[in-house]
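**Q**
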Amino acid sequence: MVEMGYSVNDILSALENYKTNVEMTFSVDTLEYLKMGGRISSTKATIGNLLSIKPILETKDGLVSQKSQVRGKKQIYSTLAKTIVNRFGKDLKNKTIILGRGDNEDDLAIMKEALEKEAEVKNIYFVNIGCVICSHSGPGVIAISCM
Numbered sequence: 400m401v402e403m404g405y406s407v408n409d410i411l412s413a414l415e416n417y418k419t420n421v422e423m424t425f426s427v428d429t430l431e432y433l434k435m436g437g438r439i440s441s442t443k444a445t446i447g448n449l450l451s452i453k454p455i456l457e458t459k460d461g462l463v464s465q466k467s468q469v470r471g472k473k474q475i476y477s478t479l480a481k482t483i484v485n486r487f488g489k490d491l492k493n494k495t496i497i498l499g500r501g502d503n504e505d506d507l508a509i510m511k512e513a514l515e516k517e518a519e520v521k522n523i524y525f526v527n528i529g530c531v532i533c534s535h536s537g538p539g540v541i542a543i544s545c546m
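Residues 400 to 546 (our numbering) make up the sequence shown, in order.
(1) Beta-carbon within less than 6 Å of PRO454's beta-carbon, same chain only, minus the 5 sequence neighbours each way: which residues are those?
(2) For GLN468, list the residues DSSP reports as bridge partners.
(3) Is DSSP giving MET435 helix, strand or coil here?
(4) Along the chain, where does the alpha helix (DSSP H) containing LYS489 start, and where does it finish?
(5) Does the beta-carbon distance from ILE497 to SER536 come in below 8 Å?
(6) Which whole runs of the beta strand (DSSP E) in the segment 514-546 are 3 residues long or more, in chain order?
(7) Taking the alpha carbon of THR445 as the point to measure from, which residue in ARG486, GLU431, VAL401, ARG438 has its own alpha carbon closest?
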């Protein structure tokens with residue numbers, strides 16, 4: 400935008416608008432890494448893992464918070480897809496979708512399929528989530544972002 404001649408105020412305004420129109424939601428396959436990072440207690444992690452509870456997490460204003468939870472890994476994919484559809488609607492052809500994963504490449508295809516069942520999509524990109532994020536969430540993290 401600088402190269403196009405926009406002022407600093409115009410750029411800041413565009414960034415602020417952009418920030419409010421981005422959804423970033425993710426889930427983990429085990430609660431162990433959240434426990435080790437101090438985000439949940441040992442008791443919650445043990446009980447949650449025994450019951451196969453998977454948190455649906457979101458980033459908002461730079462903070463991670465729990466949006467909901469599901470039972471079993473299979474429900475993660477449709478829940479993440481529905482989160483995007485609930486916010487942006489079923490027509491996502493003019494949106495950019497980013498699917499991210501840790502060390503679980505097979506999850507991307509399942510996540511893409513779940514999203515395509517829920518919405519019309521055109522621009523889907525796949526990314527590897529970095530080691531810093533994975534050290535807090537575990538290698539089984541799966542994420543979806545829409546902008």
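The beta-carbon is built from N, C-alpha and C at its ideal position, and this holds for glycine as well. Note that the structure is a prediction, hence the values are computed from the model and not measured.
**A** In this structure, then:
(1) Excluding sequence neighbours, PRO454 sits near GLN465, GLN468.
(2) Note: GLN468 sits in a beta bridge opposite PRO454.
(3) Here DSSP, grouped into helix, strand and coil, assigns MET435 to helix.
(4) No alpha helix (DSSP H) holds LYS489; DSSP gives it neither H nor E.
(5) If you check the CB distance, ILE497 and SER536 do not come in under 8 Å.
(6) Within the segment 514-546, the runs of beta strand (DSSP E) that reach at least 3 residues and sit entirely inside it are, in chain order, 519-527, 541-545.
(7) Looking at the Cα atoms, GLU431 is the closest of the given residues.
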